[in-house]
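Numbering (the numbering used here), first residue to last: 8 to 349.
Backbone N, C-alpha and C fix where the C-beta goes; we use that ideal spot for every residue, glycine too.
To keep things clear, I will list the structure first and then write my remarks on it.
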């Protein structure tokens, strides 16, 4: 049994008691989501004890008949499917970054990929990551305690991350200072004030979408950056689809607007690459050991955008880049329209 289990045995017992109480009166709206997320962050999803996994499987079976509206039940089902992905042998990139819950609209359960919604979502994701960074430095975040970054690395992350937030939401300047060398406590408070822009729906998916496989500090940032990239490429794919429609209608001005919007958005998220580059090599290799089966090569949004821009070569189409995303590969083979071809 990993040491994290022994250290958090009381947390496990408390969570099991909450789950037992829920099973006696199953209600989709009262499931202890946050308690479960908190426990995953304490021990890592890869190391969840069998007793807890079995209890969660039983809870999942009760969802179809539990109290709550259909949307609440669907959210809970998606959440438990993500938690149980390894147990079910369904673990992949999509479940690793909790994509089925990311930005889900409370009415339709589908994310809004408009430019404004995408900018806000990326700002929230990066802001939440930086709150964890500063909170950990201040001793406020006990989860993911291994391999904490030093002060200089923290400053670098804040520099890139705050640049990213300002790029996505220029109005953040009213609460976030331009001085990036201030005390982490000051930055922490500013970031919390900034996240006040989050709606109740935003707060809900934010709280359920960091489910690390282990307890290495940098995995939190890693997950949030990947989620930001997914939000970006989902927007770019829709923008590219609209560009094709505009070209088919002979509306060149609209098509140029689509391409300009896509290019502008991509330039504005360049700090994400710099933020990702701050991951500590040893930290990454440590938690990466437990993410086998999940790789960004499985990104449907990225490959969708690529294949809408232009048809991939046959060599690339039959390489792991596209065999890892069968639905996208199938659409290309069926003759998916592209900007280049149109």
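Residue 158 is classed as exposed because its beta carbon has fewer than 16 other beta carbons within 10 Å across all chains shown. DSSP places residue 308 within a helical segment (H, G or I) once states are collapsed to three. Residue 60 and residue 85 do not touch by the CB rule: their CB atoms are close to 17 Å apart, not below 8 Å.
Contact check for residue 79 against residue 116 fails: the beta carbons are separated by 8 Å or more. Between residue 204 and residue 175, the alpha-carbon positions lie close to 13 Å from each other. Counting of Cβ neighbours within 10 angstroms places residue 171 among the buried residues, the total reaching 16 or more.
DSSP places residue 195 inside the alpha helix (DSSP H), whose first and last residues are 191-201. A contact between stretches requires three or more CB pairs, one per stretch, nearer than 8 Å, and the region 250-262 fails this requirement with the region 96-103.
Judged by DSSP in its simplified three-state form, residue 105 adopts coil rather than helix or strand. DSSP places residue 229 in the uninterrupted alpha helix (DSSP H) bounded by 225-255. The DSSP-derived three-state label of residue 301 is coil.
Cβ-Cβ separation between residue 22 and residue 42: approximately 5 Å, consistent with a contact (criterion under 8 Å). Residue 312 is a Cβ neighbour of residue 247, given a cutoff of 8 Å. The beta carbons of residue 151 and residue 223 sit closer together than 8 Å. Leaving aside the five residues that flank residue 227 on each side, the residues in its chain whose CB is nearer than 7 Å to its CB run, in chain order, 136, 139, 151, 217, 219. The shortest CA-to-CA distance from residue 163 to any of 30, 191, 54, 112 is the one to 191.
For residue 320, there is no enclosing alpha helix (DSSP H), as DSSP marks it with neither H nor E.
The DSSP-derived three-state label of residue 24 is helix. One thing to note: residue 335 has its Cβ within 8 Å of the Cβ of residue 310. The beta-carbon separation of residue 210 and residue 133, rounded to 16 Å, does not stay under the 8 Å limit for a contact. Scanning 283, 266, 77, 30 for the CA closest to the CA of residue 68 turns up 30. Annotation for residue 120: no alpha helix (DSSP H) segment contains it, and DSSP assigns it neither H nor E. Residue 125 counts as buried, since no fewer than 16 other beta carbons sit within 10 angstroms of its beta carbon. Residue 152: not part of any alpha helix (DSSP H); DSSP gives it neither H nor E. Secondary structure at residue 111: strand, using DSSP grouped into helix, strand and coil. Contact between residue 63 and residue 90 holds, since their C-beta atoms are separated by about 6 Å, short of 8 Å. Residue pairing of residue 34 in beta bridges, as defined by DSSP: 74. Taking one beta carbon from each stretch, the region 329-344 and the region 301-310 have 3 or more pairs nearer than 8 Å; the two touch.
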